[in-house]
Amino acid sequence: MKLSEIAHGKNNNFNLIRMLAALAVLFTHSFALSTGSSAAEPLRTTLGLTWGDIAVNIFFVTSGFLVTASLLTRNNAIDFVWARVLRIYPALWFMLSLTVFGLGAFFTAYQFNVYFGDRITWHYLLKNAILISGVHYELPGVFQDTPTKGAVNGSLWTLVPEVRVYALLLAVWIAASFVRCHRLAALRLSIIAIVAISGAWYLYHGLFEPRGSFPRLTFMFFTGARLYVLRDKMELSRPLFWLLLATLWLSLISRTTFFFVFNAILGYILMYAAYAFGGSIRAFNRLGDYSYGVYIYAFPVQQSLVALVHEISVPELMVCSATITLALAVLSWHLVEKRALGLKTVCADRTKYWIHSWRG
7 MKLSEIAHGK
17 NNNFNLIRML
27 AALAVLFTHS
37 FALSTGSSAA
47 EPLRTTLGLT
57 WGDIAVNIFF
67 VTSGFLVTAS
77 LLTRNNAIDF
87 VWARVLRIYP
97 ALWFMLSLTV
107 FGLGAFFTAY
117 QFNVYFGDRI
127 TWHYLLKNAI
137 LISGVHYELP
147 GVFQDTPTKG
157 AVNGSLWTLV
167 PEVRVYALLL
177 AVWIAASFVR
187 CHRLAALRLS
197 IIAIVAISGA
207 WYLYHGLFEP
217 RGSFPRLTFM
227 FFTGARLYVL
237 RDKMELSRPL
247 FWLLLATLWL
257 SLISRTTFFF
267 VFNAILGYIL
277 MYAAYAFGGS
287 IRAFNRLGDY
297 SYGVYIYAFP
307 VQQSLVALVH
317 EISVPELMVC
327 SATITLALAV
337 LSWHLVEKRA
347 LGLKTVCADR
357 TKYWIHSWRG
């Protein structure tokens with residue numbers, strides 16, 4: 007069964023995979039936010055990485071696959087840009103508004119006029135709303151007595167490299183258009199080259215000398231992009247899937263072995279999990295895509311609970327924060343995200359009309 011034969015439409019398990027990944031991030035953050043030590047997360051001491059690290063890798067591989075599919079299906083830069091903007095920013099802006107004007111105003115140790123008069127408050131709102139030059143983590147007087155002092159939403163950092171890899175993919179696609187009749191071949195070669203370069207950097211420095219996340223996330227994103235552009239050459243095999251899982255299990259004997267095996271087979275395992283398992287599991291898609299909401303709301307919810315309930319245990323924090331975060335994610339999807347995504351065609355068509363009028 008070739009991936010190209012089934013990798014179309016929305017009949018897959020990506021929503022469920024991303025939801026599990028978002029909950030894995032919540033799981034990992036619960037240890038640090040409750041205890042004040044990131045080393046408390048079980049996998050960090052055994053494998054040198056956490057469930058949250060694994061989850062972020064999963065996010066970027068799946069994003070690379072789906073976003074590349076979106077670009078090549080739409081085959082239009084304006085449509086692509088609006089699709090990405092409306093997926094990321096409306097929910098982000100709504101969450102930031104609730105954070106700054108609601109959560110921050112409630113938890114700040116300062117008076118309202120001092121809190122809203124501090125430039126850091128507005129710097130937090132504006133910088134995080136743009137996601138171009140990084141993110142800001144602190145609001146004046148907020149969460150100053152929690153174990154992870156001052157951090158309001160530590161999950162936002164991944165949105166910056168995500169926006170950047172979107173831009174890089176679009177730039178590569180536009181550059182490939184100059185080759186004309188060999189555009190797809192040029193795009194494939196460019197994506198493979200990015201995977202090779204970022205992968206070599208990450209696999210060396212990630213093992214011996216960690217220096218940042220962008221090469222790692224670039225490697226993960228374009229691994230997903232490579233899987234899509236080469237989908238007609240990739241076969242999904244049940245025996246191979248279980249063999250790879252067994253290999254991953256055996257690689258747990260060594261951090262180094264696990265590191266290389268995990269990065270080598272993650273893409274294949276995700277594609278098989280997304281498309282080869284069907285039946286009742288696909289019913290999850292009827293609920294909605296709540297993973298983004300879980301991801302952006304979990305951290306401030308957890309910090310709020312830690313601030314309100316002193317010495318809250320890790321299990322208590324996990325259960326309580328997951329319940330509240332899921333409720334917020336459901337509201338975010340139905341009130342903001344789904345409605346924003348419904349504007350993709352209208353926004354793209356109006357932009358094309360304005361550009362045509364300007365040129366003409």
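Okay, so the sequence shown: first residue is 7 according to the working numbering, each after it adds one.
A virtual CB, placed ideally from N, CA and C, is assigned to each residue, including glycine.
Report the rounded CA-to-CA distance for residue 304 versus residue 185, giving the unit in angstroms.
Sequence index remark: in the sequence shown, residue 304 carries index 298 (1-based). Sequence index remark: in the sequence shown, residue 185 carries index 179 (1-based). Those two C-alpha atoms are separated by around 45 Å.
Report yes or no: do the stretch 179-198 and the stretch 10-26 share at least 3 C-beta pairs separated by less than 8 Å?
Cβ pair count under 8 Å is below three, so no.
What's the call for residue 7, buried or exposed, on a 16-neighbour Cβ count within 10 Å?
Walking along the sequence shown from the start, residue 7 turns up at place 1. That one is exposed.
Which residue or residues does DSSP assign as beta-bridge partners of residue 8?
Indexing the sequence shown from 1 puts residue 8 at position 2. In DSSP, residue 8 forms a bridge with 241.
Return yes when the Cβ of residue 253 is within less than 8 Å of the Cβ of residue 32, no when it is not.
For the purposes of this step, residue 32 is taken as residue 26 along the sequence shown, with counting starting at 1. For the purposes of this step, residue 253 is taken as residue 247 along the sequence shown, with counting starting at 1. Taking 8 Å as the Cβ cut-off, residue 32 and residue 253 do not qualify as a contacting pair.
My output table needs one value for residue 70: the three-state DSSP class, helix, strand or coil.
Numbered from its first residue, the sequence shown carries residue 70 at position 64. In the structure shown, residue 70 sits in a helix (DSSP, three-state: H, G or I).
Given a threshold of 16 other Cβ atoms within 10 Å of its Cβ, counted over all protein chains shown, does residue 93 qualify as buried or as exposed?
Along the sequence shown, read from residue 1 onward, the residue named residue 93 stands at position 87. Counting Cβ neighbours within 10 Å, residue 93 comes out buried, since at least 16 surround it.
Counting C-beta neighbours from all protein chains within 10 Å, is the total for residue 217 16 or more, i.e. buried, or is it exposed?
The residue you call residue 217 lines up with position 211 of the sequence shown. Interpretation of residue 217 is limited by its pLDDT of 49, a score under 50 that renders its predicted location unreliable; no figure is taken from the coordinates.
Mapping DSSP to helix, strand and coil, what is residue 144?
Start at 1 with the first residue of the sequence shown, and residue 144 comes out as number 138. DSSP places residue 144 in coil when its eight states are reduced to three.
Please state the DSSP three-state secondary structure of residue 336.
Along the sequence shown, one-based indexing puts residue 336 at 330. In the structure shown, residue 336 sits in a helix (DSSP, three-state: H, G or I).
If we count the other Cβ atoms within 10 Å of its Cβ and call it buried at 16 or more, is residue 71 buried or exposed?
Residue mapping note: residue 71 aligns to position 65 of the sequence shown, counting from 1. The residue in question, residue 71, is buried, as its Cβ has 16 or more Cβ neighbours within 10 Å.
To the nearest angstrom, report how far apart residue 41 and residue 150 are at their CA atoms.
Along the sequence shown, one-based indexing puts residue 41 at 35. Along the sequence shown, one-based indexing puts residue 150 at 144. For residue 41 and residue 150, the distance between alpha carbons rounds to 15 Å.
Where does residue 236 sit, in a helix, a strand or coil, going by DSSP?
Within the sequence shown, the letter at position 230 stands for residue 236. Note: residue 236 maps to coil in three-state DSSP.
Return the chain-ordered list of same chain residues with a C-beta closer than 7 Å to the C-beta of residue 335, the five sequence neighbours on each side being excluded.
If you number the sequence shown from 1, residue 335 lands on position 329. Contacts found: 296, 299, 300, 303.
So, at 7 Å on beta carbons, what are the nonlocal neighbours of residue 134 in its own chain, with the 5 sequence-adjacent residues on each side left out?
For the purposes of this step, residue 134 is taken as residue 128 along the sequence shown, with counting starting at 1. Within the same chain, residue 134 has close Cβ partners 102, 141, 142, 162.
What number of angstroms, rounded off, separates the C-alpha of residue 260 from the C-alpha of residue 269?
Translated into positions along the sequence shown, residue 260 becomes position 254. Translated into positions along the sequence shown, residue 269 becomes position 263. If you take the alpha carbons of residue 260 and residue 269, they lie about 14 Å apart.
Here's a check: name, in chain order, each residue in its chain whose Cβ is nearer than 8 Å to the Cβ of residue 35, leaving out the five neighbours to either side.
Within the sequence shown, the letter at position 29 stands for residue 35. For residue 35, where only same-chain residues beyond five positions count, the Cβ hits under 8 Å are 58, 160, 161, 304, 305, 308.
Buried or exposed: which applies to residue 354, given that a residue is buried once 16 or more other Cβ atoms fall within 10 Å of its Cβ?
The residue you call residue 354 lines up with position 348 of the sequence shown. That one is buried.
Taking residue 196 as the reference, give the member of 220, 229, 165 with the closest Cα.
For the purposes of this step, residue 196 is identified with residue 190 of the sequence shown, where counting begins at 1. Selected option, being the one with the closest Cα: 229.
Would you kindly work out how many angstroms separate the C-alpha atoms of residue 114 and residue 122, rounded to a whole number?
Position 108 of the sequence shown holds residue 114. Position 116 of the sequence shown holds residue 122. Looking at the two C-alpha atoms, the distance is approximately 10 Å.
Are the CB atoms of residue 19 and residue 231 within a distance shorter than 8 Å?
Along the sequence shown, read from residue 1 onward, the residue named residue 231 stands at position 225. Along the sequence shown, read from residue 1 onward, the residue named residue 19 stands at position 13. For residue 231 and residue 19, no; Cβs fall outside 8 Å.
On the DSSP letters alone, give me the boundaries of the alpha helix (DSSP H) that residue 168 sits inside.
Position 162 of the sequence shown, counted from the first residue, corresponds to residue 168. Start and end: 165-182.
Which residues bound the alpha helix (DSSP H) around residue 303?
For the purposes of this step, residue 303 is taken as the residue at position 297 of the sequence shown. It spans 297-314 - the alpha helix (DSSP H) in which residue 303 sits, taken as one unbroken run.
Count the CB pairs spanning the stretch 61-79 and the stretch 339-347 that are closer than 8 Å, and state whether there are at least three.
No: fewer than three Cβ pairs fall under 8 Å.
Can you give the Cα-Cα distance for residue 318 and residue 144, rounded to whole angstroms?
Position 312 of the sequence shown holds residue 318. Position 138 of the sequence shown holds residue 144. Their backbone Cα atoms lie some 22 Å apart in a straight line.
For a quick check, are the C-beta atoms of residue 327 and residue 109 less than 8 Å apart?
By one-based count along the sequence shown, residue 327 stands at place 321. By one-based count along the sequence shown, residue 109 stands at place 103. Not a contact, by the Cβ cut-off of 8 Å.
In chain order, what residues of the same chain have a beta carbon less than 7 Å from the beta carbon of residue 86, not counting five sequence neighbours either side?
Within the sequence shown, numbered from 1, the residue matching residue 86 stands at position 80. So the qualifying residues of the chain are 76, 77, 80, 176.
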